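In what follows, a structure is listed as structure tokens, so that the remarks can point back to it.
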Amino acid sequence: MTARYQADVVIVGGGLAGLATAHELLDRGLRVLVLDRDSEDRLGGLAKRSFGGVMFVDTPQQRKLGINDTPELAWSDWQSFADFGSGDEWPRRWARTYVERSTELIFDWLSGHGISFLPVVNWAERGLFRPGNSVPRWHIAWGTGFAIIESIVGALENHPQRDKLAIVYGHRVERLLVDAGRVTGCAGGLEDDGSDFEARAEHMVLASGGICGGDLSKVRANWFEPWGKPPSTLLNGSHRFADGLLHDEAAKHGATLTHLDKQWHYAAGVHSRTTDSPQDGISLVPPRSALWLDARGRRFEPVPLMGYSDTRWVVEQICRTPEQYSWQVLNWKIAIKELAVSGCDHMTAFRHKRKLELVKQVIFGNKELANRLIDESEDFVVADNMPELMNKMDALSLEGISIDRERMEADIRAYDAQIARGPRYFNDDQLRRIANFRQYKGDRLRTCAFQSIDDPKARPLIGIREFILSRKSLGGLQTDLQSRVLDTSGEPISGLYAVGETAGFGGGGIHGKGSLEGTFLGSCVLTGRLAGRAIAGG
Ligand SMILES: Cc1cc2nc3c(=O)[nH]c(=O)nc-3n(C[C@H](O)[C@H](O)[C@H](O)COP(=O)(O)OP(=O)(O)OC[C@H]3O[C@@H](n4cnc5c(N)ncnc54)[C@H](O)[C@@H]3O)c2cc1C
Numbered sequence: 066m067t068a069r070y071q072a073d074v075v076i077v078g079g080g081l082a083g084l085a086t087a088h089e090l091l092d093r094g095l096r097v098l099v100l101d102r103d104s105e106d107r108l109g110g111l112a113k114r115s116f117g118g119v120m121f122v123d124t125p126q127q128r129k130l131g132i133n134d135t136p137e138l139a140w141s142d143w144q145s146f147a148d149f150g151s152g153d154e155w156p157r158r159w160a161r162t163y164v165e166r167s168t169e170l171i172f173d174w175l176s177g178h179g180i181s182f183l184p185v186v187n188w189a190e191r192g193l194f195r196p197g198n199s200v201p202r203w204h205i206a207w208g209t210g211f212a213i214i215e216s217i218v219g220a221l222e223n224h225p226q227r228d229k230l231a232i233v234y235g236h237r238v239e240r241l242l243v244d245a246g247r248v249t250g251c252a253g254g255l256e257d258d259g260s261d262f263e264a265r266a267e268h269m270v271l272a273s274g275g276i277c278g279g280d281l282s283k284v285r286a287n288w289f290e291p292w293g294k295p296p297s298t299l300l301n302g303s304h305r306f307a308d309g310l311l312h313d314e315a316a317k318h319g320a321t322l323t324h325l326d327k328q329w330h331y332a333a334g335v336h337s338r339t340t341d342s343p344q345d346g347i348s349l350v351p352p353r354s355a356l357w358l359d360a361r362g363r364r365f366e367p368v369p370l371m372g373y374s375d376t377r378w379v380v381e382q383i384c385r386t387p388e389q390y391s392w393q394v395l396n397w398k399i400a401i402k403e404l405a406v407s408g409c410d411h412m413t414a415f416r417h418k419r420k421l422e423l424v425k426q427v428i429f430g431n432k433e434l435a436n437r438l439i440d441e442s443e444d445f446v447v448a449d450n451m452p453e454l455m456n457k458m459d460a461l462s463l464e465g466i467s468i469d470r471e472r473m474e475a476d477i478r479a480y481d482a483q484i485a486r487g488p489r490y491f492n493d494d495q496l497r498r499i500a501n502f503r504q505y506k507g508d509r510l511r512t513c514a515f516q517s518i519d520d521p522k523a524r525p526l527i528g529i530r531e532f533i534l535s536r537k538s539l540g541g542l543q544t545d546l547q548s549r550v551l552d553t554s555g556e557p558i559s560g561l562y563a564v565g566e567t568a569g570f571g572g573g574g575i576h577g578k579g580s581l582e583g584t585f586l587g588s589c590v591l592t593g594r595l596a597g598r599a600i601a602g603g
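Each residue of the sequence shown is one higher than the one before, counting from 66 in my numbering.
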């Protein structure tokens, strides 16, 4: 028998974008049904696993640190990283809305729901060959993305209009229902027994996430052409149901899909026993004092690879090597100071709001995390000396690839020799950039002061085999500023909306080719709230 539902608005997907939309609609008294494929414990989608870094422009935290930020400056930085194309009118408008209204529509809203942000604002994506964030903008939610979801779900549960909200799980939406040119609902099957359901509504909101997870063949099929072919080993760092099913379904009904080849991948993905499937990975925040080597153990040149400057450029450099994976070589001292994971599961002090633990980690290093990663991931090797390290790296090299031992040793010796000569004589670009990073308090706390690699006092040595990890779809369904899905002639499809990653975070690609970071969670709130307002009529 087919289960039937009816509401004013049906939202497909209970991630942050879907939940923000639902909240906005409840505020305006509409009856809302959220349908999600996943189980109840995963309500909140990717945001629940996220680190909870959000980009804002001109916040009290920034002002307290003496950071003078403005929408004009952020807009200039955004355009530089996005490198928008000539037809990117909607992405541009959404991006402009983000930089102009992030404080009002995202920061104030999250703060109003009890989310607080750490006083030290982080400085991600500051740019390398193109300008990135001119100033620190990455605000870390205390309690991570987990706390963001916890508070939004709490706000929905305690909402005065709670009786107008229904959330059902294990419902896989497969089709849109269209009557006389208007989208009037959706249909699909239940995950447990495959039985059918149908939901009817005045308005349908697609909030089902991106295409970068569930089906990596979609990621490969839409691979960014200038990067060559996709790597043979690609890790999934996204949602298991991010399969693009509803992107395709909407396109069948005339929706415009754009920028699917613009994807936000990370360079330091490793396998982990904590994930759901063997092709899932976790994304390391690349330690800045580690040497980044290609799959054969040779340092990248002429410009050394480092994190925090331009993620897309780093990913591109690795994708252009024949082997398409890389190594980072470091030691224990660097690991406990600089290793971090982008995600809340491993960042326990942040996730569980343990202030004292956090302070201890900053002062004495995070030994628990380093040990946990070494223990959990097959991609870590640990050795007492360089020959042993190279043997272990060789043993872990993919078929047909071996470590160039002479070159690797020479690169490490040359780097260490520079450090021994002292900062006055630094010619190495990585060391110069470390010196620059350490000028900012937020980075100084988390970056070693010029730590050599083969330092007997800092052992053991550690090698990390790193793969490209697929995380976010920058493209998606094209939407206008009311989150209405547009057809190929630029007209709204009656009754159909898209928010969050499904909409390329706004307009089918708010980021163009690259993000300033923290803009993903922020855009979910932004697009969801504006969709809710538009549906409710203001
Ligand atoms: C580990 C990690 C760390 C991150 N850290 C950050 C960060 O610090 N800052 C930042 O800005 N971003 C971060 N992100 C990215 C950010 O979390 C996501 O881009 C964002 O949460 C996407 O939200 P969404 O609501 O659009 O989609 P999702 O969270 O993917 O939610 C989609 C929902 O739709 C459901 N669904 C899918 N298909 C169907 C279907 N056919 N029928 C019914 N339901 C369906 C899914 O079950 C899911 O619940 C991180 C992501 C990860 C994984």
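Even glycine gets a Cβ: it sits at the ideal position worked out from N, Cα and C. Keep in mind the model is a prediction, meaning the values are calculated, not measured.
Based on Cα-Cα distance, which residue from T86, Y70 and L434 lies nearest to G597? Within the sequence shown, residue 597 is the residue found at index 532, counting from 1. Looking at the Cα atoms, T86 is the closest of the given residues.
Three-state secondary structure assigned by DSSP to F182: The residue given as residue 182 occupies position 117 in the sequence shown. Three-state result, F182: strand.
Going along the chain, which residues of its own chain have a beta-carbon closer than 7 Å to the beta-carbon of D341, five neighbours each way excluded? Translated into the one-based positions of the sequence shown, residue 341 becomes position 276. Hits under 7 Å: R305.
Within 10 angstroms of the Cβ of G219, are there 16 or more other Cβ atoms? Answer buried if so, exposed if not. Along the sequence shown, one-based indexing puts residue 219 at 154. G219 should be labelled exposed.
Bridge partners - R69, DSSP secondary structure assignment: Taking the first residue of the sequence shown as position 1, residue 69 is located at position 4. The partner list for R69 (beta bridge, DSSP) reads E263.
Using 8 Å as the Cβ pair cut-off and three pairs as the minimum, do the stretch 573 to 581 and the stretch 146 to 165 touch? yes
Taking the continuous beta strand (DSSP E) assigned at M120, which residues delimit it? As a first step, residue 120 must be located in the sequence shown, where it is residue number 55. Element bounds for M120: G118 to M120.
I'd like to know if the stretch 563 to 573 and the stretch 226 to 235 are in contact, where contact means that at least 3 CB-CB pairs between them fall below 8 Å. no
Using a threshold of 7 Å, is the CB atom of L310 nearer than that to any non-hydrogen atom of ligand 1? Reading the sequence shown from its first residue, position 245 is the one you call residue 310. L310 Cβ: within cutoff of ligand 1.
When G177, S199 and D444 are compared against D375, the one with the closest alpha-carbon: Translated into the one-based positions of the sequence shown, residue 375 becomes position 310. Measuring from the Cα of D375, the nearest candidate turns out to be S199.
Report the CB separation of F116 from S407 in whole angstroms; it is logged as a contact under 8 Å. Along the sequence shown, read from residue 1 onward, the residue named residue 116 stands at position 51. Along the sequence shown, read from residue 1 onward, the residue named residue 407 stands at position 342. Between S407 and F116 the Cβ distance is about 5 Å, and since that is below 8 Å, they are a contact.
What do you reckon, is the C-beta of T584 under 7 Å from a heavy atom of ligand 1? In the sequence shown, counting from the first residue as 1, residue 584 sits at position 519. Because some heavy atom of ligand 1 lies under 7 Å away, the Cβ of T584 counts as near it: yes.
Report all residues from its chain with a CB closer than 6 Å to the CB of L454; omit the five preceding and five following residues, and keep chain order. For the purposes of this step, residue 454 is identified with residue 389 of the sequence shown, where counting begins at 1. Once the five neighbours on either side are set aside, the close Cβ partners of L454 are A448, L526 and G528.
Where does the unbroken alpha helix (DSSP H) through G597 begin, and where does it stop? As a first step, residue 597 must be located in the sequence shown, where it is residue number 532. That run of the alpha helix (DSSP H) goes T584 to A601.
Can you tell me which residues form a DSSP beta bridge with T544? By 1-based counting over the sequence shown, the position of residue 544 is 479. Per DSSP, V550.
Residue interval of the beta strand (DSSP E) (run including H411): Your numbering for residue 411 matches position 346 in the sequence shown. From DSSP, H411 is part of no beta strand (DSSP E); its letter is neither H nor E.
Where do the N-terminal and C-terminal ends of the beta strand (DSSP E) with L526 fall, by residue? Locating residue 526 in the sequence shown gives position 461, where the first residue counts as 1. First-last of the beta strand (DSSP E) with L526: L526 to S538.
Quick one: using the 10 Å Cβ neighbour count with 16 as the cut-off for buried, is A131 buried or exposed? Here the question's residue 131 lines up with position 66 in the sequence shown. In the sequence as presented, Ala is not what sits at residue 131; that position holds Gly. Per the 10 Å Cβ criterion, exposed.
So for I575, helix, strand or coil by DSSP? Stepping through the sequence shown from its first residue, residue 575 is reached at position 510. Coil at I575, not helix or strand.
Here's the rule I'm using: 16 or more other beta-carbon atoms within 10 Å means buried, otherwise exposed. How should T67 be labelled? Translated into the one-based positions of the sequence shown, residue 67 becomes position 2. So T67 counts as exposed.
Where do the N-terminal and C-terminal ends of the beta strand (DSSP E) with Y331 fall, by residue? In the sequence shown, counting from the first residue as 1, residue 331 sits at position 266. First-last of the beta strand (DSSP E) with Y331: Q328 to H336.
Tell me which residues share the same chain as I214 and place their Cβ nearer than 6 Å to its Cβ, disregarding the 5 neighbours each side in the sequence. For the purposes of this step, residue 214 is identified with residue 149 of the sequence shown, where counting begins at 1. Result list for I214: G109, A112 and K113, in chain order.
How far does the alpha helix (DSSP H) with I439 in it extend, from its first residue to its last? Residue numbering aside, residue 439 sits at position 374 when the sequence shown is read from its first letter. Taken as a continuous stretch (DSSP letters only), the alpha helix (DSSP H) holding I439 covers K432 to E441.
Return the first residue and the last residue of the beta strand (DSSP E) that L356 is part of. By 1-based counting over the sequence shown, the position of residue 356 is 291. Where L356 is concerned, the enclosing beta strand (DSSP E) stretches over L356 to D359.
DSSP three-state assignment for M458, whether helix, strand or coil: Stepping through the sequence shown from its first residue, residue 458 is reached at position 393. In the structure shown, M458 sits in a helix (DSSP, three-state: H, G or I).
Candidates N456, L271 and W378: which alpha carbon is nearest H312's? Translated into the one-based positions of the sequence shown, residue 312 becomes position 247. If we check each option's Cα against that of H312, L271 comes out closest.
Spatial neighbours of L370 within its chain, please: CB distance less than 7 Å, with the 5 preceding and 5 following residues excluded, ordered by chain position. Numbered from its first residue, the sequence shown carries residue 370 at position 305. Excluding positions up to five away in sequence, the list reads W357, V379 and Q382.
Should T135 be listed as close to ligand 1, given that the test is whether its C-beta is under 7 Å from any heavy atom? Locating residue 135 in the sequence shown gives position 70, where the first residue counts as 1. No.
The alpha helix (DSSP H) enclosing H312, as first and last residue numbers: Residue mapping note: residue 312 aligns to position 247 of the sequence shown, counting from 1. Unbroken alpha helix (DSSP H) run through H312: L310 to K317.
How close, in whole Å, do the beta carbons of S354 and T512 come, if the pair is a contact with beta carbons under 8 Å? Locating residue 354 in the sequence shown gives position 289, where the first residue counts as 1. Locating residue 512 in the sequence shown gives position 447, where the first residue counts as 1. About 7 Å; that satisfies the 8 Å criterion.
Beta carbon proximity, R240 to chain C, threshold 8 Å: This model lacks chain C altogether; it includes just one protein chain.
Segments assigned beta strand (DSSP E), at least 3 residues, entirely inside the stretch 88 to 134: 97 to 100 and 118 to 120
Looking at ligand 1, does it come within less than 7 Å of S181, judged from the CB to the closest heavy atom? Here the question's residue 181 lines up with position 116 in the sequence shown. Checking the Cβ of S181 against ligand 1 gives no.
Residue burial classification, E105 (beta-carbon count within 10 angstroms, cutoff 16): Numbered from its first residue, the sequence shown carries residue 105 at position 40. Label assigned to E105: exposed.
With respect to 7 Å, is the separation between the Cβ of C513 and the closest non-hydrogen atom of ligand 1 below this value? On the sequence shown, residue 513 is found 448 positions in, with the first residue counted as 1. C513 Cβ: outside cutoff for every heavy atom of ligand 1.
Excluding five sequence neighbours on each side, which residues of the same chain lie with their C-beta closer than 6 Å to the C-beta of K432? If you number the sequence shown from 1, residue 432 lands on position 367. Counting only Cβ-Cβ distances below 6 Å, and skipping sequence neighbours, we find I401.
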